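*Asks:*
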Amino acid sequence: VQLQASGGGLVQPGGSLRLSCTASGSIFSVNVMGWYRQAPGKQRELVATRTSGGITNYADSVKGRFIISRENNKNTVYLQMNSLKPEDTAVYYCNLRYVPNEYWGQGTQVTVSS
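Okay, so the sequence shown: first residue is 230 according to my numbering, each after it adds one.
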């Protein structure tokens, strides 16, 4: 299984970005896809996840600003990031889980700066 993420970049505070991640390979249909991020000097943290059944989970820091969505038939997950703040600057990693397997994408840099 491979995860390919895209959509990162440089954006000004208050701006928006959309991340995409597509999984390829033999994937169990019941799964969780999501996004985590890691800022310099910090541990990797949850941003948002969405199950194949549509249940979502968001970090408190992004609630009301970020929206996670999926296209199950394409094994693709999206993260719409609005009202971005400098503290959202990090490498964002796509994640796919179905017990006992877990897979990570290569990471995409998001920088929020004026």
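Where a beta carbon is used, it is the ideal one built from N, C-alpha and C, also for glycine.
All values reported here derive from a predicted model rather than from experimental measurement.
1) Exposed or buried, what is Gly-283 when buried is set at 16 or more other beta-carbons lying within 10 Å of its beta-carbon?
2) Could you tell me the alpha carbon to alpha carbon distance between Pro-315 and Val-339, rounded to whole angstroms?
3) Given a threshold of 16 other Cβ atoms within 10 Å of its Cβ, counted over all protein chains shown, does Thr-285 qualify as buried or as exposed?
4) Which one or two residues does DSSP pair with Val-328 in a beta bridge?
5) Which one of Val-261, Leu-239, Ser-281 has the shortest CA to CA distance from Pro-329?
6) As a quick exercise: from Thr-251, Leu-308, Gly-244, pick the residue whose alpha carbon is nearest that of Asn-301.
7) Looking at Val-291 and Val-276, is the spacing between their C-beta atoms short of 7 Å?
*Replies:* With the given structure in hand:
1) Walking along the sequence shown from the start, residue 283 turns up at place 54. So Gly-283 counts as exposed.
2) Locating residue 315 in the sequence shown gives position 86, where the first residue counts as 1. Locating residue 339 in the sequence shown gives position 110, where the first residue counts as 1. Straight-line Cα distance between these residues: approximately 10 Å.
3) Here residue 285 refers to the residue found at position 56 when the sequence shown is read from its first residue. Looking at its Cβ environment, which holds fewer than 16 other Cβ atoms inside 10 Å, Thr-285 is exposed.
4) Here residue 328 refers to the residue found at position 99 when the sequence shown is read from its first residue. Beta-bridge pairing links Val-328 to no other residue.
5) As a position in the sequence shown, residue 329 is number 100, starting the count at 1. If we check each option's Cα against that of Pro-329, Val-261 comes out closest.
6) Residue 301 sits at position 72 when you count from the first residue of the sequence shown. Considering only alpha carbons, the answer is Thr-251.
7) The count along the sequence shown starts at 1 and reaches residue 276 at position 47. The count along the sequence shown starts at 1 and reaches residue 291 at position 62. Contact: yes.
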